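Heads up: the structure comes next, in structure tokens.
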Amino acid sequence: MSLQLAPTARYRKDYKPPSFNILSVDLQFYLHDTNTRVVNTMQIERQVEGADLVLDGEKFELVSVVLNDTPLVAGQDYQWSETALTIYNAPEQFSLTIENKINPSANTALEGLYKSAGVFCSQCEAEGFRFITYFLDRPDVLAVYTTTIYAPDNGEYPYLLSNGNKLAEGKTENGLHWAKWHDPFPKPCYLFALVAGNFDCLEDSFTTAEGRLVQLQLFVDKGNLSQAGFAMASLKNSMAWDEKRFGLSYDLDIYMIVAVDFFNMGAMENKGLNVFNAKYVLADPASATDQDFINVEAVIGHEYFHNWTGNRVTCRDWFQLSLKEGLTVFREQEFSADMGMRAVNRIQDVRIIRTHQFEEDAGPTAHAIRPDKVVEMNNFYTVTIYNKGAEVVRMLHTLLGEEQFQAGIQEYISQQDGKAATCEDFVQAMEKVSGKELIQFRRWYSQPGTPEISISSCFKRRNKTFSITIAQASDKPSNAPFHIPIKVEFITASGESIHPPELAENGLIELTEPIQTFDFTGFNEAPVVAPLANFSAPVKLTDHRESSELITITRYATDPFLRWDAVQQLYVQALKDAIEQNAEVALPSALIEALQAALLDNHADPAMTALLLQTPSEEGLATEFHSIPVEGIERVVTELHALLSRALHDELIAAWQRTSAQYVASDIAGRMLSNTCINFLSSRHNSEQVAQAISQQFAAKQSMTLVFGALQAAVHNEHPLAKELLARFESDWCQAPLVMDKWLAVQATTRSAHTLERVQLLMAHPAFNWGNPNRIYALLASFSHNFSQLHRADGAGYRLLIAAIKRLNTANPQVASRLLSPLLKWQRLDTTRQALLRELLTELRAMPNLAPDLFEKIEQSFAD
Ligand code: 7MF
Ligand code: ZN
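If you want my numbering, it's the position in the sequence shown, counting the first as 1, plus 30.
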């Protein structure tokens, strides 16, 4: 046993307001690669009699502490440890100046202030400001920041950026230049940002609804300006949309976005100075797919929308993270939906919830959207906090309607502007404007787990009544019943939709009891019940449905999500049946006919047809099982792909020819269908027609969507053309790292027995780089979601991933921790795989200097 000290847990119930408040802070940075000097002057006010001032600070060198112009004496006036500086006998109101030194070049964790690829860059959320200087690093301490940046005036750092407005700039006598920034809005330190480097800058402006002119600046690496236009347009769209739909305008005179190559996450909403991973900024049709464009728009929107939901109103403590993230994801989803394909977006969001959030709920790291206990905050940027959090906000929207929901937002913001709020404050605002009681609804914040819904019905011909009985259960036995909004449609066998008088206009039923019956009148026959329209709640429907009913829903439901979901249920039932009966996969012929008809229908939305043909992923199917049958899942998913390729062959050819003949620049939906078709078709290895189709599509150099679609189809289906296309793609794009990420990912996600050896080779390829998170995500996170190859029976997949995690443990724990998640569900695997994983995880746990990020997750997976 190693004698490592367990990192300490923090509990939501222990929240206490800070003993001191920091009103304002003046920061001076003297940038240097290995020895950056920070001078930090804070105006501080005591809040609690008798308390010591304990400031957070880690991994830097303290130079001096001065209180009201008096130098303090170590050991007498203050004491410091690895993680904190304690000042004794601090007065009521005082100024405190701390000087310290940091080494940005050595900072490979990319948290705090770091230097990568010639750029100084900061990332402070959640608790990274403590790596920059001593501070009260908690979101309920809001200060006004003035920041002066000094850097060598040698051409390496023409841009010196921080939050707010630039007050002044100049040069010193000793070869430095400087810029001074002031942010008038009080903010927590996690929203602080500093960037210094050499960029190209795309300039634009936006006039707010009140007629204020806002300067917009988008900074990208030299030479990339031509790929910045779409992000700028998305920013302006976001600003206009937030005014129109939420009545919220931007508040500073300048909005800056910097795209950087080395970044752990997608992007960061620092006040007035967003920092973005370059992959969510740069996009042009030749090098970025349609999905890349959609992601850029969504992430630009997300960070912009944080200006009100996160920055102006921030979080009281990190247990409230979903207050800003769930709400901002909801806003971003609505923005994307209003900008483009609402139904397609909704279906894709539901897929994320079902494959990843339900998976998290079923595993050892399950947590409520407002957790009770945290060891390492970085582990809580999860699909539960973000995506389930957005679903909870969406349920409020469904229960209250757009008008009352918007009134609730206005109420919440006017009450909490400039403050640090809680989830409770948010629900109270919604309650106040609507008069709707949300006591039981609050359980969505406190209880983890996925509710399971089961529906039975009873038709009485004599009095034409139809009643449905809905039962709710939970995968977490201690859960009390939830308040669940369930939107339903009733459809007759002939496809008529029936709206009984007892059903609300919008089809909404509110389930609050463990079991509850709802009565409806005016039915001449028993209708087909189609529950959960628009996925009105993040729940599982557990009933086994008749194929004929699902076919009726697919044909006639008015809600596109319901039509798509019925097909998904047919796929899942067929796959589960084949596993359980150890039989070959078989689909109802009515489904095949419906898919054939959809492929041939000139008037059907090609995007919806593409989604109907999207079969369950192996990971998605695994969430259907408590005990995961790895080989069975791999077998039936492969069989279903082959079955559809065979049964739909002629229609796939026809649809591919139709869509590829009529591309226009904006035809995202057509390209989705082309790629879907070519993917099925590529499983035919000896068809000249198919080989030609692949080659023709791969040659469409103006569209990365098509080029990559063809490449992926060939590689994933191990088509004879795959090798050659990979080589050509590599030689075309070897100078473009973000495009090479696709090349790495497509190989790492191939369901082939050779994939693991290939990934091993690729770790030594020049396109890979252990220091850049994007490269690690592209190759290794992709592999970690390659179900069949990760779970190879010989354990080689596990060993590869664990070795990577060990290598990253000290270099970049956040990235290491993300790679670990797919390995934690060992308790749901067979005994052989359990043994393999237990041994590897035990070994990892014993590692010296194990990062708390990894410690917390391993502990959770071993608990009970
Ligand atoms: C869209 O939430 C959706 C989610 C934290 C970093 C961005 O704005 C953020 C930051 C993580 C994981 C996902 C996202 C972000 C972060 C994200 C980005 C765009 N406050 Br970690
Ligand atoms: Zn966010």
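We treat Cβ as the ideally placed atom computed from N, Cα and C, and that holds for glycine.
Note that this is a predicted model, so its numbers are computed, not measured.
Distance between residue j and residue i (C-alpha atoms, nearest Å)
{"i": "F276", "j": "T177", "result": "32 Å"}
{"i": "R400", "j": "A239", "result": "35 Å"}
{"i": "S690", "j": "W211", "result": "52 Å"}
{"i": "A36", "j": "A881", "result": "10 Å"}
{"i": "Y411", "j": "S851", "result": "12 Å"}
{"i": "Y285", "j": "E355", "result": "21 Å"}
{"i": "P478", "j": "D505", "result": "9 Å"}
{"i": "T395", "j": "S891", "result": "7 Å"}
{"i": "Y175", "j": "A136", "result": "26 Å"}
{"i": "R688", "j": "M425", "result": "40 Å"}
{"i": "H679", "j": "L711", "result": "7 Å"}
{"i": "T572", "j": "I483", "result": "6 Å"}
{"i": "L683", "j": "V413", "result": "Residue identity differs from the one stated: residue 683 is Ile in this sequence, not Leu. Each residue's Cα considered, the two are about 37 Å apart."}
{"i": "A503", "j": "H656", "result": "16 Å"}
{"i": "E873", "j": "K887", "result": "14 Å"}
{"i": "T735", "j": "K606", "result": "33 Å"}
{"i": "A729", "j": "K836", "result": "41 Å"}
{"i": "R40", "j": "G552", "result": "56 Å"}
{"i": "R381", "j": "I658", "result": "19 Å"}
{"i": "K570", "j": "T480", "result": "7 Å"}
{"i": "N300", "j": "R242", "result": "21 Å"}
{"i": "E133", "j": "V68", "result": "Checking the displayed sequence, the identity of residue 133 turns out to be Asn instead of Glu. Computed Cα separation, rounded: 11 Å."}
{"i": "L792", "j": "F817", "result": "19 Å"}
Close beta carbons around residue i, own chain, < 7 Å, minus the five adjacent residues each side
{"i": "G662", "result": "I609"}
{"i": "V78", "result": "S49"}
{"i": "A834", "result": "L810 and L849"}
{"i": "M31", "result": "The predicted position of M31 is uncertain, since its pLDDT is 39 and thus under 50; no value can be drawn from it."}
{"i": "H397", "result": "T414 and P478"}
{"i": "Q626", "result": "L678 and E681"}
{"i": "F738", "result": "T319 and K772"}
{"i": "I439", "result": "F276"}
Among the options, nearest to residue i - alpha-carbon criterion
{"i": "K46", "options": "A181, H62 and R346", "result": "R346"}
{"i": "M885", "options": "A451, L859, R863 and R848", "result": "As written in the sequence, residue 885 is Phe, which differs from the Met given in the question. For F885, the nearest C-alpha among the options comes from R848."}
{"i": "G194", "options": "V225, G739, F165 and F759", "result": "V225"}
{"i": "S497", "options": "I483, V518 and F550", "result": "F550"}
{"i": "A621", "options": "F591, S578 and L830", "result": "According to the sequence as given, residue 621 is Leu; it is not Ala. The shortest C-alpha separation from L621 is found at S578."}
{"i": "H821", "options": "S782, N804 and H795", "result": "S782"}
{"i": "E526", "options": "T584, Y475, F471 and T542", "result": "T584"}
{"i": "V311", "options": "F813, Q247 and Y280", "result": "Q247"}
{"i": "Q123", "options": "G105, R76 and V93", "result": "R76"}
{"i": "E623", "options": "L357, A841 and V597", "result": "V597"}
{"i": "A223", "options": "V305, E454 and R42", "result": "V305"}
{"i": "Q719", "options": "W686, L703, T547 and Q692", "result": "W686"}
{"i": "Y601", "options": "N632, V667 and T653", "result": "V667"}
{"i": "L357", "options": "S508, N325 and V423", "result": "V423"}
{"i": "F59", "options": "S146, L166, D99 and L190", "result": "L190"}
Contacting residues, own chain, Cβ-Cβ under 6 Å from residue i (five flanking each side not counted)
{"i": "L33", "result": "Unreliable placement is indicated for L33, whose pLDDT of 46 sits below 50; no coordinate value is reported for it."}
{"i": "P188", "result": "N228"}
{"i": "Q73", "result": "L53, S54 and S125"}
{"i": "Y442", "result": "F456 and A459"}
{"i": "D170", "result": "R346 and A450"}
{"i": "I581", "result": "A620"}
{"i": "G331", "result": "S268, E362 and F365"}
8 Å Cβ cutoff, residue i in contact with chain C
{"i": "T202", "result": "Although the question refers to chain C, the structure presented lacks it and comprises just one protein chain."}
Neighbourhood of residue i by C-beta distance below 8 Å, restricted to the same chain and skipping five residues each side
{"i": "C252", "result": "Position check: residue 252 holds Lys in this sequence, whereas Cys was assumed. N228, F229 and D230, listed in sequence order."}
Practice task
Report yes or no: do three or more beta-carbon pairs, one from the segment 254-264 and one from the segment 401-420, lie closer than 8 Å?
Solution key: no
Exercise for the section: Inspect the CB distances between the segment 108-119 and the segment 81-99 and report whether three or more fall short of 8 Å. Expected result: yes
Exercise for the section: Taking 8 Å as the threshold, find out whether the segment 305-319 comes into contact with the segment 362-373 through three or more Cβ pairs. Expected result: no
Practice task
Would you check if the segment 94-104 and the segment 132-150 touch, i.e. whether three or more CB-CB distances between them fall below 8 Å?
Solution key: no
Problem - Sufficient close CB pairs (3 or more, under 8 Å) joining the segment 504-522 to the segment 555-566 - result: Counting C-beta pairs closer than 8 Å gives three or more between the segment 504-522 and the segment 555-566, which meets the contact rule.
Exercise for the section: Please confirm if the segment 260-279 is in contact with the segment 197-205, defined as three or more CB-CB distances below 8 Å between the two stretches. Expected result: no
Practice task
Spell out a yes or no on whether the segment 464-479 and the segment 366-376 are touching, meaning 3 or more CB-CB pairs, one atom from each, closer than 8 Å.
Solution key: no
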